[in-house]
Amino acid sequence: MNEKTEKLIDKKGIRGDGRKVDELRPLKLQVGVLPNADGSAYIEHGKNKILAAAYGPREMHPKHLAQADRMVLRARYHMAPFSVQERKSPAPSRREVELSKVIKESLEPALFLELYPRTGVDVFIEVLQADGGTRCASITAAALAIADAGVPMRDLVVACAAGKVEDQVVLDLYDAEDKLGSADVPVAYMPNLNAITLLQMDGILAPAEFEKAVSMAMDGCKKIYEIQKEALKTKYMVVKETDKEIEE
Amino acid sequence: MSSLVTKVKVKQIEALLEKGTRMDGRTLLDTREIKIEQGIIEKAEGSARVLLGKTEVVVGVKVETGEPFPDTPKDGVMTVNAELVPLASPNFEPGPPDENSIELARVVDRGIRESHAVDTEKLCIEEGKQVFVVFVDVYVLNHDGNLIDASALAAMAALLNTKMPNYEIKDGELKIKQGYTPLPMKSHPITVTIGKINGKLVVDPALEEESVMDSRITFATNEEGNICAIQKGLSGCFTPQQILDASKIALDKAVELRKKLNW
Chain A
1 MNEKTEKLID
11 KKGIRGDGRK
21 VDELRPLKLQ
31 VGVLPNADGS
41 AYIEHGKNKI
51 LAAAYGPREM
61 HPKHLAQADR
71 MVLRARYHMA
81 PFSVQERKSP
91 APSRREVELS
101 KVIKESLEPA
111 LFLELYPRTG
121 VDVFIEVLQA
131 DGGTRCASIT
141 AAALAIADAG
151 VPMRDLVVAC
161 AAGKVEDQVV
171 LDLYDAEDKL
181 GSADVPVAYM
191 PNLNAITLLQ
201 MDGILAPAEF
211 EKAVSMAMDG
221 CKKIYEIQKE
231 ALKTKYMVVK
241 ETDKEIEE
Chain B
249 MSSLVTKVKV
259 KQIEALLEKG
269 TRMDGRTLLD
279 TREIKIEQGI
289 IEKAEGSARV
299 LLGKTEVVVG
309 VKVETGEPFP
319 DTPKDGVMTV
329 NAELVPLASP
339 NFEPGPPDEN
349 SIELARVVDR
359 GIRESHAVDT
369 EKLCIEEGKQ
379 VFVVFVDVYV
389 LNHDGNLIDA
399 SALAAMAALL
409 NTKMPNYEIK
419 DGELKIKQGY
429 TPLPMKSHPI
439 TVTIGKINGK
449 LVVDPALEEE
459 SVMDSRITFA
469 TNEEGNICAI
479 QKGLSGCFTP
489 QQILDASKIA
499 LDKAVELRKK
509 LNW
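Protein chains in written order, with my numbering: chain A, 1 to 248; chain B, 249 to 511.
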């Protein structure tokens with residue numbers, strides 16, 4: 001975004017990138033994109049481009065981290081140095097350490113950890129391009145990667161943010177809104193179980209605005225959920241079609 | 249992380265919660281006793297010790313001069329760091345900050361930053377060149393649960409106790425003068441953490457409760473009753489209704505604490 005943008009939302013309620021206040025950015029999800037990983041997914045959410053790979057369940061390394069009564073899920077959220085305007089040092093920042101932790105905690109409720117004692121599942125997330133809302137897009141992709149690895153799940157986890165821009169509650173903030181807006185509320189959600197697995201906020205919101213933001217983000221999550229499920233099915237549709245070709 | 253708790257104790261905690269009470273006799277909505285002592289470290293520009301039940305946290309504030317961030321040339325800098333020092337718990341180990349101490353520091357930071365508690369504009373010495381840098385260092389001395397609330401409280405108490413050196417600019421050079429002025433503050437955020445055990449929401453979880461709770465949620469709120477920061481933690485989840493209930497509890501608790509602390 002250039003500095004000249006005066007208003008993030010115009011009089012007609014149209015945002016800087018042409019969206020309505022309750023509209024999601026264009027979304028593209030693809031499953032099984034990395035041959036070496038047990039499961040993988042790629043997401044394009046607006047200008048965000050993020051890869052997620054899942055490995056496991058496999059033996060834990062180092063071994064002493066294994067838990068006798070459950071599986072250990074590890075998540076690593078990492079931004080590529082070229083993913084943002086100013087080059088980011090490749091060393092993990094404090095922000096990335098915190099996000100790795102909250103992403104892991106947002107995915108754990110979906111897994112049957114107690115059924116896989118002594119094993120580990122690793123989820124690696126690489127942000128190739130960031131444009132606001134990367135933690136949410138990362139969770140959406142990471143859940144798909146775990147599902148693609150064949151790890152049983154209670155539900156997919158899907159995430160989306162809402163926030164406050166120009167005194168209005170809006171869905172799915174992009175970079176400029178995230179930086180110039182007055183609040184950001186990322187939410188991760190398991191739609192089938194009606195359970196929120198990640199909730200953070202920064203900025204200032206009145207309690208009523210907060211309530212509206214959470215419900216708006218949940219509605220956004222439900223829409224992305226459909227795309228997520230479609231992406232998972234699509235992988236196997238392609239396999240079926242190739243099968244047919246062989247038979248013919 | 250949390251320490252081991254026997255299954256008998258887990259059952260006991262859960263049974264008590266069903267009856268609306270807790271191991272230490274509190275109701276589900278009670279905070280433990282709070283003690284605040286300010287100015288305990290003379291060499292720091294500001295300091296405070298907070299006891300939240302048996303959880304003990306010391307915060308020291310150091311003020312130095314440095315460069316502003318390029319995107320905020322007119323603002324001073326405030327940074328929060330947290331150390332889970334090994335003397336505070338058998339489960340803390342020496343070494344670089346792990347994800348738990350980084351999360352703690354960032355949640356405390358977010359509450360102070362997003363409520364604009366420190367008036368960073370007034371910390372500017374020369375735009376784009378020199379500003380005051382406020383280092384808030386959280387030192388956990390005894391871990392008995394709810395480090396977030398104890399640390400947030402101690403950080404605010406230390407900032408309210410912080411004195412800035414007086415200065416003048418002579419020939420473009422910064423000269424420190426005699427005397428001090430208080431650190432400019434704009435807001436007093438209050439942080440309240442709520443744990444979820446067996447579907448029940450409990451305020452200010454103690455250590456043994458933390459080891460059985462499946463998730464927690466932290467709200468920082470300001471004087472106007474607005475929410476300025478939230479962090480959900482641990483591997484459990486909340487229903488949307490539980491989130492709303494928790495936010496109401498946190499807002500009510502903050503009003504109560506604000507009265508008690510006179511913030």
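Even glycine gets a Cβ: it sits at the ideal position worked out from N, Cα and C.
- When only Cα atoms are considered, leucine 276 of chain B and phenylalanine 317 of chain B end up about 43 Å apart.
- Residues of the same chain with a CB within less than 8 Å of the CB of leucine 449 of chain B, apart from the 5 flanking positions on each side, are Leu276, Ile442, Gly443, Gln490, Asp493, Ala494, Ile497 in chain order.
- Taking the Cα of leucine 128 of chain A as reference, the smallest distance to any Cα among A/Ala53, A/Gln30, A/Asn48 is reached at A/Asn48.
- Inclusion of glutamate 362 of chain B and glycine 203 of chain A in the CB contact set at 8 Å is warranted, their separation being smaller than that value.
- Contacts between aspartate 202 of chain A and chain B, judged by CB atoms closer than 7 Å, involve Arg358, Glu362, Ala477 in chain order.
- Counted as a single uninterrupted DSSP element, the beta strand (DSSP E) harbouring isoleucine 442 of chain B occupies residues 438-445.
- Only exposed fits threonine 254 of chain B, as fewer than 16 other CB atoms lie within 10 angstroms of its CB.
- In this structure valine 325 of chain B touches valine 382 of chain B by the C-beta definition: roughly 7 Å separates them, less than 8 Å.
- Here tyrosine 236 of chain A is exposed, its C-beta having fewer than 16 other C-beta atoms within 10 Å.
- With the criterion set as a beta carbon lying under 7 Å from some beta carbon of chain B, the members of the region 106-131 of chain A are Glu108, Pro109, in sequence order.
- For a cut-off of 8 Å, the C-beta gap from proline 57 of chain A to phenylalanine 112 of chain A is around 10 Å, too long to register as a contact.
- Just so you know, the alpha carbons of proline 344 of chain B and glutamate 44 of chain A end up roughly 35 Å apart.
- For serine 89 of chain A, no CB of chain B lies under 8 Å from its own CB, so it is not counted at the interface with that chain.
- Cβ atoms of phenylalanine 340 of chain B and leucine 352 of chain B stay farther apart than 8 Å, at about 12 Å.
- Chain-ordered listing is empty here: chain A has no CB closer than 9 Å to the CB of threonine 368 of chain B, the nearest sitting near 16 Å.
- Phenylalanine 210 of chain A is positioned such that its CB atom lies no closer than 8 Å to that of isoleucine 396 of chain B.
- The secondary-structure analysis by DSSP pairs glutamate 312 of chain B across a beta bridge with B/Val381.
- Assigned with DSSP and collapsed to three states, methionine 404 of chain B falls in helix.
- Under the 10 Å beta carbon count, proline 191 of chain A is surrounded by 16 or more other beta carbons and is classified as buried.
- Residue contact check for glycine 481 of chain B against chain A: a CB pair falls below 8 Å.
- For leucine 199 of chain A, the pairing in a beta bridge is given by DSSP as A/Val187.
- If you draw a 10 Å sphere on the C-beta of leucine 115 of chain A, you find fewer than 16 other C-beta atoms in it, and that means exposed.
- Non-local C-beta neighbours of leucine 8 of chain A in its own chain, meaning closer than 8 Å and more than five positions away in sequence, comprise Arg15, Gly16, Val165, Glu166, Ala176, Glu177, Leu180, Gly181, ordered along the chain.
- Look at valine 214 of chain A: its C-beta is under 8 Å from a C-beta on chain B.
- Using beta-carbon distances, proline 344 of chain B does not count as an interface residue toward chain A, since no partner is under 8 Å.
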